[in-house]
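Visitor: One structure, pasted below without further comment.
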Amino acid sequence: MVTGRVNRGLSMLELLTVLAISTVMVGLLVPTLSWSRSVARETLCASHARQLHLLMVSFAQDDDYSRYAPTIEVGHDDLSYLWTGGYLHTTDITVCPATLNQVTVQRDDYEELQRASRHAYDEEGGHSYETFHHVSPGEFPGGLVINQHRQLSLKDPMRPADTFIVLDSDNDPDAGGMNDGLFGYNNLPDAATNNHGERGLNVAFLDGRIRFVTASQWVEVMLRSAHLNADSIDLVRARALYEPRIQWGLRQDGNDGLRYWLE
0 MVTGRVNRGL SMLELLTVLA ISTVMVGLLV PTLSWSRSVA RETLCASHAR
50 QLHLLMVSFA QDDDYSRYAP TIEVGHDDLS YLWTGGYLHT TDITVCPATL
100 NQVTVQRDDY EELQRASRHA YDEEGGHSYE TFHHVSPGEF PGGLVINQHR
150 QLSLKDPMRP ADTFIVLDSD NDPDAGGMND GLFGYNNLPD AATNNHGERG
200 LNVAFLDGRI RFVTASQWVE VMLRSAHLNA DSIDLVRARA LYEPRIQWGL
250 RQDGNDGLRY WLE
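Read the sequence shown against numbering that gives the first Met the number 0 and you will find it ends at 262, with the numbers running on by one and no gaps.
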């Protein structure tokens, strides 16, 4: 005798259970996927910084004075010389995919490579990275002593493991709790419109390393690299209000610059 099998559908209780489980799974997966995308963008942004550094090394190898860039003013983030010199063949690597800044680099217009976009409302636009080609006189943590302002070059490598040259743009105006009236553009990763928000920034060092530096680590990294201009000196002093271990004073040898140390 053949017994017929009756196929019944899911009961209401079973259906609700399945929907509840699906909702929980989606709730668990969405943050994971979002985090994965964020990590991927951050990794690609770091890769771009590394590639820009390598292009600067190529330029320095060809330059008569072994400079990483032509003579440019302190604080300028000009990358156009890499394009006009034939070192940079795509502007894609000049934009961090994680940035919220108003970048305006176009594939056929190198003029936008002459500046870094400062923030999300910067109508002048630009690319996503800052370049630091100059070091300042002073006595710095780790025993570094510099007696005159000078431009970085392959012949004068400073301390390659401590000296950086490319980093994510973090030039928001008076952002994120650091507004004490000392400066206009604070060179600190402390705002949502920085490439990676308040978390930190990718930094390319002369020895080829890429390091993600948090906001709390940034001032020490900058001091060890001797990258100080008017804005960043104000930053050091402003950070000292929150981190008393950062100290500075006059140099005992009478040379230019100040003495900086960490207690």
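By construction, the Cβ of each residue, glycine as well, lies at the ideal position given by its N, Cα and C atoms.
All of these numbers come straight from a predicted model, not from anything done at the bench.
1. On the CB-based measure, 16 or more other CB atoms within 10 Å of its CB, does L249 come out buried or exposed?
2. From V38 to L51, what does the alpha carbon distance come to, in whole angstroms?
3. What is the DSSP secondary structure of Y259, reduced to helix, strand or coil?
4. Go to R210, then tell me how far its beta strand (DSSP E) extends in each direction, as first and last residue.
5. Can you tell me where the alpha helix (DSSP H) with T83 in it begins and where it stops?
6. Could you tell me whether any Cβ in chain D is nearer than 8 Å to the Cβ of H88?
7. Could you tell me the alpha carbon to alpha carbon distance between G183 and S231, rounded to whole angstroms?
8. From the DSSP output, which residues share a beta bridge with L167?
9. Can you name the residues that DSSP bridges to I145?
10. So the beta strand (DSSP E) Q246 belongs to, where does it begin and stop?
11. What does a CB cutoff of less than 7 Å around V144 pick up in its chain, not counting 5 residues either side in sequence?
12. Go through its chain and collect everything with a Cβ distance to L257's Cβ below 7 Å, but skip five positions before and after it.
13. Rounded to whole angstroms, how far is the Cβ of L227 from the Cβ of S152, which I believe are closer than 8 Å?
14. In whole angstroms, what is the alpha-carbon distance linking M177 and R49?
15. Alpha carbon to alpha carbon, how far is I20 from D173? Give it in angstroms, no decimals.
16. Between the alpha carbons of S57 and R40, how many angstroms are there, rounded?
17. Specify, as a first and last residue, the run of the beta strand (DSSP E) that V202 falls within.
Guide: For this structure:
1. Reading the sequence shown from its first residue, position 250 is the one you call residue 249. Classification of L249: exposed, given that the 10 Å Cβ count is below 16.
2. The residue given as residue 38 occupies position 39 in the sequence shown. The residue given as residue 51 occupies position 52 in the sequence shown. In a straight line, the C-alpha of V38 is about 20 Å away from that of L51.
3. As a working mapping, residue 259 is identified with position 260 in the sequence shown. Y259: strand per DSSP, three-state reduction.
4. Translated into the one-based positions of the sequence shown, residue 210 becomes position 211. Per DSSP, R210 belongs to the beta strand (DSSP E) from 209-213.
5. What you label residue 83 is simply residue 84 of the sequence shown in a count that begins at 1. Per DSSP, T83 belongs to the alpha helix (DSSP H) from 79-83.
6. In summary, chain D is missing from the structure at hand, where a single protein chain is found.
7. On the sequence shown, position 184 is the one that residue 183 refers to. On the sequence shown, position 232 is the one that residue 231 refers to. Reliability of the predicted coordinates at G183 is poor, the pLDDT of 44 falling under 50, and the value obtained from them is presented with this limitation in mind. Approximately 10 Å, taken between the alpha carbons.
8. Translated into the one-based positions of the sequence shown, residue 167 becomes position 168. The amino acid occupying residue 167 in the given sequence is Asp; Leu does not appear at that position. BP columns for D167 point to Y128.
9. The sequence position of residue 145 within the sequence shown is 146, counting from 1. Bridge partners of I145: G137.
10. Counting from 1 along the sequence shown, the entry for residue 246 is found at position 247. Counting along the chain, the beta strand (DSSP E) containing Q246 begins and ends at 245-249.
11. Position 145 of the sequence shown holds residue 144. Only E138 meet the Cβ criterion.
12. Counting from 1 along the sequence shown, the entry for residue 257 is found at position 258. These residues qualify, in order along the chain: G137, W247, G248, L249, R250.
13. Along the sequence shown, read from residue 1 onward, the residue named residue 227 stands at position 228. Along the sequence shown, read from residue 1 onward, the residue named residue 152 stands at position 153. Contact doesn't hold; Cβ gap of about 19 Å is too wide.
14. Within the sequence shown, the letter at position 178 stands for residue 177. Within the sequence shown, the letter at position 50 stands for residue 49. With a pLDDT of only 41 at M177, under 50, the local geometry of the prediction cannot be trusted, and no value is derived from it.
15. As a first step, residue 173 is located in the sequence shown; it is residue number 174 there, counting from the start. As a first step, residue 20 is located in the sequence shown; it is residue number 21 there, counting from the start. Any reading at D173 must be qualified, since the residue scores a pLDDT of 48, below 50, and its modelled position is unreliable; the value itself is stated next. Near 46 Å, if we compare the C-alpha coordinates of I20 and D173.
16. To locate residue 57, count along the sequence shown from 1; it is residue 58. To locate residue 40, count along the sequence shown from 1; it is residue 41. Straight-line Cα distance between these residues: approximately 26 Å.
17. Walking along the sequence shown from the start, residue 202 turns up at place 203. Counting along the chain, the beta strand (DSSP E) containing V202 begins and ends at 199-204.
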